[in-house]
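Engineer: Using our numbering, the first residue of the sequence shown is number 11, and each one after it goes up by one.
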Amino acid sequence: MANSGKKHLIGNGTAAAIIPFALITCCFALWGFANDITNPMVKAFSKIFRMSVTEGALVQVAFYGGYFAMAFPAAIFIKKYSYKAGVLLGLGLYAMGAFLFFPAKLTGNYYPFLIAYFILTCGLSFLETSCNPYILSMGPEETSTQRLNLAQAFNPIGSLLGMYVAMNFIQNRLHPLDTAQRAVLGDEEFAAVRDYDLSVLIAPYLMIAIVIVAMFLVIKFVKMPGSSDTSGKINFLATLKRIFKISKYREGVIAQFFYVGAQIMCWTFIIQYGTRVFMGDGIGEQEAEVLSQKYNIFAMAFFCVSRFICTFLLRYLNPGVLLKALAIGASVFTIGVICFQNILGMYCLVAVSICMSLMFPTIYGIALQGMGDDAKFGAAGLIMAILGGSVLPPIQASIIDMGHIGSFPAVNLSFTLPLICFIVVGIYGQRTSHIK
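1. With distances taken between CB atoms, is the gap from asparagine 245 to alanine 39 smaller than 8 Å?
2. Let me make sure I understand the geometry here. Which of Glu65, Gln162, Pro122 and Cys132 has the alpha-carbon closest to that of cysteine 37?
3. Going by beta carbon distance, what residues of the same chain come within less than 7 Å of threonine 344, once the five residues before and after it are set aside?
4. Considering just the uninterrupted stretch of the alpha helix (DSSP H) at methionine 310, what are its terminal residues?
5. With which residues is isoleucine 437 paired in a DSSP beta bridge?
6. Could you check whether glycine 76 and serine 140 sit closer than 8 Å to each other, using their CB atoms as the reference points?
7. Return the chain-ordered ranges of every alpha helix (DSSP H) run that is complete within the segment 26-56 and spans a minimum of 4 residues.
8. Give the C-beta separation of isoleucine 222 and leucine 101 to the nearest angstrom, bearing in mind that I take them to be a contact with Cβ-Cβ under 8 Å.
9. Could you tell me the distance, in whole angstroms, from the CA atom of alanine 201 to the CA atom of alanine 265?
10. In this structure, does DSSP put proline 235 in helix, strand or coil?
11. Go through its chain and collect everything with a Cβ distance to serine 238's Cβ below 7 Å, but skip five positions before and after it.
12. Is the beta carbon of threonine 285 less than 8 Å from the beta carbon of serine 302?
13. Could you check the C-alpha separation between lysine 304 and proline 150 for me, to the nearest Å?
14. Measure from the alpha carbon of phenylalanine 387 to the alpha carbon of each residue in Arg260, Asn352 and Thr278, then state which is nearest.
15. Across the segment 112-119 and the segment 62-76, are there enough close Cβ pairs to call them in contact, namely three or more that are closer than 8 Å?
16. Could you check if glycine 262 is buried or exposed, using at least 16 other CB atoms within 10 Å of its CB as the buried criterion?
17. Which ranges does the alpha helix (DSSP H) cover as unbroken runs of at least 4 residues, wholly within the segment 60-102, from first to last along the chain?
18. Going straight from the alpha carbon of methionine 394 to that of histidine 444, what length do you get?
19. Taking just the CA atoms, how far does glutamine 296 sit from glycine 413?
20. If you measure between the beta carbons of phenylalanine 109 and leucine 216, is that distance less than 8 Å?
21. Hey, which unbroken runs of the alpha helix (DSSP H) at 4 residues or more fall wholly within the segment 161-216?
22. What is the residue span of the alpha helix (DSSP H) that phenylalanine 498 lies within?
23. Following the continuous alpha helix (DSSP H) through isoleucine 264, name the residue where it begins and the one where it ends.
24. Counting only the same chain and skipping the five closest in sequence on each side, list residues whose C-beta sits under 8 Å from that of glutamine 440.
25. Could you give the DSSP three-state label for proline 150: helix, strand or coil?
26. Please report the straight-line C-alpha distance between alanine 219 and phenylalanine 418, rounded to a whole angstrom.
27. Taking just the CA atoms, how far does phenylalanine 268 sit from threonine 321?
28. Would you report the Cα separation of isoleucine 281 and isoleucine 396, rounded to the nearest angstrom?
29. So, at 6 Å on beta carbons, what are the nonlocal neighbours of valine 421 in its own chain, with the 5 sequence-adjacent residues on each side left out?
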């Protein structure tokens, strides 16, 4: 009984608490994989279907639109049933969307892939709406933000794997014809190249679908703590009205919208940014794209390491203060991305990821702190804020499609949008720096 007052990070510190925590944490890696195998697909689809960057960015519209569409339906479902039920439905939709890549390939058209992405991310919306507050509930409230940061630290591990698979099993294996050569192909030749590339592209999605089905079965048959706790009556509008009166929550939703937009823009358009830099050094287009993805992997590796470091620092530093400091750092590096037109700009873009590592889970933790059962709906609002990843990248893509603005590369100036986003995050960090 001597340790009865000890605050464990995870439940009561026993295997019965740690195993479910580990399984739910694996889900963080699984949606990280989906996010970051998808970012390079903007460039891949643009090339495969001979489209503009703006048209290719519809991938992100469909992807993050699914998050937006399902966030509150997911919260209602979880409120009525359980966190575990939400996780299982999320995994089911994730697998379904991934399997739909095969019939989409058979059509030879772009838009069925957008439908598959949308269904897949409806599943991710259920997963994130379930898993984030579930992790917060798996132990003392005093360590909730630290616990969420620990779980979120495994998200970039999945992201790294997604980037690696995208580079080695998709980008490296696409047909070697570059954009200019594809533009002059006849219809029959174009169809043959397109079908070859789509066969390459769908294979990793079909493999991850099988993995998701296996995870579904494991979680289904494992007893999860608190997974059957429901509170009965759903007062949807009353709950929304109540939670949006809380300034740290309301402003957290806004900050999350801009953060996610910045993250997706930086990780998607590093391919376009790096391709311009490396082709300027005389490297061919496909080689430049693959090299840019290697820098993206380096960025994610630094992001992953930084998240573990920042999780440790949260034991000693106020979350809002650390959030503000990293937002300032990200802003400074983004200015470098805009101003430098050589490899230094790529280095700055990689460094931005170091500063982004803490932002999502810390905004999430601050916004939901002390909300109790309202966190189920509060989580949905924060997941809806992922819409920033759908709204902002097409705007940046439309700037990139301009080629040059005056004598300045448009791709450089397009990073003014992430800069604005980091300023918003920094303001939120400042305004919440007094919260313990």
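Using N, Cα and C, we set each Cβ at its ideal position, and we do this for glycine too.
Structural biologist: A quick look at the data gives this:
1. Here residue 245 corresponds to residue number 235 of the sequence shown, with the count starting at 1. Here residue 39 corresponds to residue number 29 of the sequence shown, with the count starting at 1. Taking 8 Å as the Cβ cut-off, asparagine 245 and alanine 39 do not qualify as a contacting pair.
2. One-based indexing of the sequence shown puts residue 37 at position 27. Taking only the C-alpha atoms, the option nearest cysteine 37 is Gln162.
3. The residue given as residue 344 occupies position 334 in the sequence shown. Contacts found: Val362, Phe425, Pro428, Leu429 and Phe432.
4. The sequence position of residue 310 within the sequence shown is 300, counting from 1. Start and end: 295-323.
5. Taking the sequence shown and counting its residues from 1, the one referred to as residue 437 is at position 427. Paired residue(s): none; isoleucine 437 is not in a bridge.
6. Your numbering for residue 140 matches position 130 in the sequence shown. Your numbering for residue 76 matches position 66 in the sequence shown. Cβ atoms of serine 140 and glycine 76: not closer than 8 Å.
7. none
8. Start at 1 with the first residue of the sequence shown, and residue 222 comes out as number 212. Start at 1 with the first residue of the sequence shown, and residue 101 comes out as number 91. That pair is a contact at about 5 Å.
9. Position 191 of the sequence shown, counted from the start, is the residue given in the question as residue 201. Position 255 of the sequence shown, counted from the start, is the residue given in the question as residue 265. For alanine 201 and alanine 265, the distance between alpha carbons rounds to 44 Å.
10. As a working mapping, residue 235 is identified with position 225 in the sequence shown. Note: proline 235 maps to coil in three-state DSSP.
11. On the sequence shown, position 228 is the one that residue 238 refers to. Per-residue confidence for serine 238 stands at a pLDDT of 48, beneath the threshold of 50, marking its modelled position as unreliable; no derived number is given.
12. For the purposes of this step, residue 285 is taken as residue 275 along the sequence shown, with counting starting at 1. For the purposes of this step, residue 302 is taken as residue 292 along the sequence shown, with counting starting at 1. Taking 8 Å as the Cβ cut-off, threonine 285 and serine 302 qualify as a contacting pair.
13. For the purposes of this step, residue 304 is identified with residue 294 of the sequence shown, where counting begins at 1. For the purposes of this step, residue 150 is identified with residue 140 of the sequence shown, where counting begins at 1. One C-alpha to the other measures close to 40 Å.
14. Within the sequence shown, the letter at position 377 stands for residue 387. The residue with the shortest Cα to Cα distance from phenylalanine 387 is Arg260.
15. With a cut-off of 8 Å, the segment 62-76 and the segment 112-119 do not count as touching, because too few Cβ pairs lie within range.
16. Indexing the sequence shown from 1 puts residue 262 at position 252. Buried, by the Cβ-count rule.
17. 63-66 and 68-90
18. For this step, residue 394 is matched to residue 384 along the sequence shown. For this step, residue 444 is matched to residue 434 along the sequence shown. Cα to Cα, the separation comes out at about 26 Å.
19. Residue 413 sits at position 403 when you count from the first residue of the sequence shown. Residue 296 sits at position 286 when you count from the first residue of the sequence shown. Rounded to whole angstroms, glycine 413 to glutamine 296 spans 19 Å at the Cα level.
20. By 1-based counting over the sequence shown, the position of residue 109 is 99. By 1-based counting over the sequence shown, the position of residue 216 is 206. Against a cut-off of 8 Å, the Cβ pair of leucine 216 and phenylalanine 109 comes out as a contact.
21. 165-175 and 189-193
22. Coverage of the chain is limited to positions 11 through 446, which leaves residue 498 absent and any answer about it impossible.
23. Within the sequence shown, numbered from 1, the residue matching residue 264 stands at position 254. 257-278 is the span of the alpha helix (DSSP H), which, as asked, contains isoleucine 264.
24. For the purposes of this step, residue 440 is taken as the residue at position 430 of the sequence shown. So the qualifying residues of the chain are Gly330 and Lys334.
25. Along the sequence shown, one-based indexing puts residue 150 at 140. Coil.
26. Within the sequence shown, the letter at position 209 stands for residue 219. Within the sequence shown, the letter at position 408 stands for residue 418. Distance between the alpha carbons of alanine 219 and phenylalanine 418 is about 43 Å.
27. One-based indexing of the sequence shown puts residue 321 at position 311. One-based indexing of the sequence shown puts residue 268 at position 258. Each residue's Cα considered, the two are about 22 Å apart.
28. Sequence index remark: in the sequence shown, residue 281 carries index 271 (1-based). Sequence index remark: in the sequence shown, residue 396 carries index 386 (1-based). Cα to Cα, the separation comes out at about 21 Å.
29. Taking the first residue of the sequence shown as position 1, residue 421 is located at position 411. Cβ within range, chain order: Gln282, Tyr283, Arg286 and Ile410.
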